[in-house]
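**Q** Add 23 to the 1-based position in the sequence shown for my numbering, that's all there is to it.
Let me begin by handing over the structure; questions about it come next.
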Amino acid sequence: MKLTFRHFLRSSRRFVFENIMDLEHVCIVHRRWFQNLRVRVQRPDYVEYRLTGLFYGLRQQVLARGGPVGPDHYWYEFITAVARMRVDGTLDGEDGNLTQTEIITFEFAAVLAPIMWLLRPLFVHQKRDILAADTALLEREYVLDQSGFQRNESRTPRVIIYGGNGFFGRIVVEELLRHTTARIEIASRTAHKVKYPGFESRLQFIESDLQDLGSVQRVIAGGDLVIVTAGPFQGMPVTALQACIAEGVPYIDVADDRDFVCRAYALAESKTIPNGMVVLIGCSVVPGLTSLLTRFAQATVPRILQAKICISPGTKHPRGPGSFACLLSTVGKQFTAPAGGKETSVVGWTKPERVSFPAPMGDRTCYRVVDIADHFIQPRYFGTETVEFRIGSELRALNMMLSAVRRIRQALKIPVGWLIPIGRTLIHVAAPFGSSAGGLMVEITGYAGEERRSETWCVFSPDGGERIPSIPAAIAANMVLQKAIRGTGIVSLPDWITRDQLVAELAARGIRVAVRSGAGEWRTVGEGTKR
């Protein structure tokens, strides 16, 4: 089945081709017919994207692609589960007096022919509506151009966030939308769309797989910053960092896994980093915030022997599957951690310890779990001999259930993939009984001369504690865009922001910082605090 449309167009070839290749207008000018656009490929000569078609109320997923063919011809096509529609376009005449011809060829199974012919009037009406809207836009642009109007296309920073539609990624996106003028491109395998009311014009959703280096390189080319918030980091390739080094694009990730961080450091140290490209690896709670808090404690404890890290997240807002995969990856499994300068075996979700957070969090029981990046970062930057990481819920029942999961996994050798639905179910069941108070605590023990000392730092929030892991990356991203973090190569995690700057940034987001010496009382750190 073929349809031919020919009409007069008072516009220019330049605007016609811009209209074909510009994806931002599709779901705005044609919102009656299309929504939820996700970019796959966008080059000057070719575009490919997915979107949701709304054919008279019939929702269907559509793959669209196309591009120019010389100065007077172009093509594009829409592919659905039941049909392919190809458009071959031609422009005749002089600019300002164009004739636009589009021949549409439909391909579908023979059995559908009667239905498609019955729907023919609806296709014609849809196409005329689309052409009318495009024509009105193109002719307005041409009139403005002929009147001498100059388009002011000021360049805004372009930030690509892998996993920006996940739990922690969404928070990073929200932060950057509020605190920067950057255009945000959210990249993921499925480009699942997340709504940010009022910021639609600054967002784009892109399909890209971190397992595919070529896909990543295409997406980040020409970017100003790449942030990886996808998870879990266990087993994740370092393709984003590879691509950033090749393109000279600054890089931030929120990696918490020791193996990933080790591989990322090894890659960055083995390559020639383009001048001015900064690399922040692990810019999250662990090892990002823990490294900063350890540096703060080093003013009191110059020679560090031991770092005990405890996290107690609120349970009111369940995390995404990546977070559960990270947590459950070592439940009931052995891993190693530094102890006395040597690697010692630990079984995940064992060795419970009662720890005391500042009010209103109070006392909580935390368990050894996860081979975190601090097992690498602490010895590297501080020479720490013993690193212990624990995590625990505010709900005793949830801790006990996870202990049961550990025993079951040890007995039955259950793969981690089977545990993720179980873990998520437990958390969702517990969520109504929990709070959103959460925090991170780092207890540093060592010596000042011959004197043994201990100092504990805590970052916490009575409400919205689930935001804390995303905040360091958001702060760092803003600083990178403002050129407040300079240099080339790996940025030292303990030193990229001063104590006063960090405290102020956290306070602006309702997050508190407290410190105590030994077993003393917690003291709030803030403006006017002298050390």
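We put the beta carbon where it would ideally sit given N, CA and C, even for glycine.
Measuring CB atoms only, is the segment 525 to 541 touching the segment 302 to 311, in the sense that at least three cross pairs come out at less than 8 Å?
**A** no
**Q** Would the segment 35 to 51 count as touching the segment 146 to 161 if we require 3 or more Cβ pairs under 8 Å?
**A** These segments touch.
**Q** Between Arg-281 and His-398, how many whole angstroms is the CB-CB distance? I'm expecting something under 8 Å.
**A** 5 Å
**Q** Are the segment 498 to 513 and the segment 537 to 545 touching by the rule of at least three beta carbon pairs closer than 8 Å?
**A** no
**Q** Counting beta carbon pairs with one atom in the segment 466 to 475 and one in the segment 214 to 231, are three or more of them shorter than 8 Å?
**A** no
**Q** Quick check: what's the CA-CA separation for Gly-385 versus Ala-460?
**A** 10 Å
**Q** Whole-angstrom Cβ separation of Leu-233 and Pro-260, contact assumed at under 8 Å?
**A** Rounded to whole angstroms, the Cβ separation of Leu-233 and Pro-260 is 6 Å, and the two are in contact under 8 Å.
**Q** Between which two residues does the alpha helix (DSSP H) containing Asp-152 stretch?
**A** 143 to 169
**Q** In terms of residues, what are the limits of the alpha helix (DSSP H) holding Arg-318?
**A** 313 to 320
**Q** Opposite Ala-360 in the DSSP bridges: which residues?
**A** Partner(s): Thr-367.
**Q** Taking the alpha carbon of Phe-57 as the point to measure from, which residue in Gln-65, Leu-77, Glu-198, Glu-223 has its own alpha carbon closest?
**A** Answer by Cα proximity: Leu-77.
**Q** What is the rounded straight-line gap between the Cα of Ile-184 and the Cα of Pro-137?
**A** 46 Å
**Q** Bridge partners of His-398, per DSSP?
**A** Answer is none; His-398 lacks a bridge partner.
**Q** Considering just the uninterrupted stretch of the alpha helix (DSSP H) at Asn-501, what are its terminal residues?
**A** 494 to 504
**Q** Over the uninterrupted beta strand (DSSP E) stretch that includes Asp-235, give me the two end residues.
**A** Under the DSSP assignment, Asp-235 falls outside any beta strand (DSSP E); it carries neither an H nor an E label.
**Q** Reducing DSSP to helix, strand and coil, say where Pro-11 ends up.
**A** Summary: the structure shown does not reach residue 11, with the chain confined to residues 24 through 554, and so no result is reported for it.
**Q** I'd like the span of the alpha helix (DSSP H) that includes Tyr-288, first residue to last.
**A** Boundaries of the alpha helix (DSSP H) harbouring Tyr-288: 281 to 293, taken from the DSSP string.
**Q** I'd like to know if the segment 394 to 414 and the segment 308 to 317 are in contact, where contact means that at least 3 CB-CB pairs between them fall below 8 Å.
**A** yes
**Q** Go through its chain and collect everything with a Cβ distance to Met-502's Cβ below 6 Å, but skip five positions before and after it.
**A** For Met-502, where only same-chain residues beyond five positions count, the Cβ hits under 6 Å are Ile-508.
**Q** Going residue by residue through the segment 459 to 534, where are the continuous beta strand (DSSP E) segments of at least 3 residues, counting only ones entirely within it?
**A** Fully enclosed beta strand (DSSP E) runs of 3 or longer: 461 to 471, 474 to 484.
**Q** Apply the 10 Å Cβ neighbour rule to Ala-396 and answer buried if 16 or more other Cβ atoms are within range, or exposed otherwise.
**A** By the 10 Å Cβ count, Ala-396 comes out buried.
**Q** How is Tyr-185 classed by DSSP in three states: helix, strand or coil?
**A** DSSP places Tyr-185 in strand when its eight states are reduced to three.
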